[in-house]
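Report on the structure given below.
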Amino acid sequence: MKKLTSISPWIWVVCCLLIIGTVGLLYFVLNYEIEKTFNINLHVDENKKMILLAPEKYSFYIEKGKKITIKHDQKFYDLVIKDFANINGTLTINFGSIPKNLKLVKNTNLDAVLYYGQTKILSLILP
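Taking our numbering, the leading residue of the sequence shown gets 68, the next gets one more, and so forth.
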């Protein structure tokens with residue numbers, strides 16, 4: 068006669084698969100890379116050049132080839148920094164190509180996001 072309290076081999080298989088799946092999911096989530104970002108403000112001057120407001124905070128992270136996302140008229144535009152110049156404490160940014168449907172108006176401010184690197188979730192949890 069079989070005991071009523073014995074565990075079926077299928078239960079052991081399901082438990083092992085559940086443990087393996089949990090470990091795999093934790094590994095994936097903790098090693099997933101997320102982008103480090105800053106919210107910045109860009110000012111469009113009379114010549115339609117973009118000037119970074121508060122450059123002393125973000126000038127360390129501005130480099131050629133970095134990506135900036137600009138929000139304008141409820142649309143997002145990804146722009147790549149081609150060149151930048153620091154003139155009298157103001158940081159002027161030149162982009163490689165600006166989309167034609169991005170209409171720049173003189174003397175306006177644009178909200179933007181600067182992507183300056185990537186980090187793993189695990190490194191954020193464990194300093």
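No residue lacks a Cβ here, since even glycine has one placed at the ideal position from N, Cα and C.
Per DSSP, the unbroken beta strand (DSSP E) holding glutamate 102 starts and ends at 100-111. Taking glutamate 102 as the centre and dropping the five residues before and after it, the same chain places the C-beta of Tyr182, Gln185 closer than 6 angstroms to its C-beta, in chain order.
Where lysine 134 is concerned, the enclosing beta strand (DSSP E) starts and stops at 134-139.
The beta carbon of leucine 171 sits closer than 6 angstroms to those of Val111, Lys115, all from its chain and outside the five residues before and after it, given in chain order. Taking a cut-off of 8 angstroms on C-beta distances, the segment 115-131 touches the segment 150-162, as three or more cross pairs fall below it. The three-state reading of DSSP puts tyrosine 128 in coil, since its state is none of H, G, I, E or B.
DSSP, reduced to helix, strand and coil, places isoleucine 78 within a helical segment of the structure shown. Here DSSP, grouped into helix, strand and coil, assigns threonine 72 to coil. With fewer than 16 other Cβ atoms from the protein chains shown falling within 10 Å of its own Cβ, isoleucine 74 counts as exposed.
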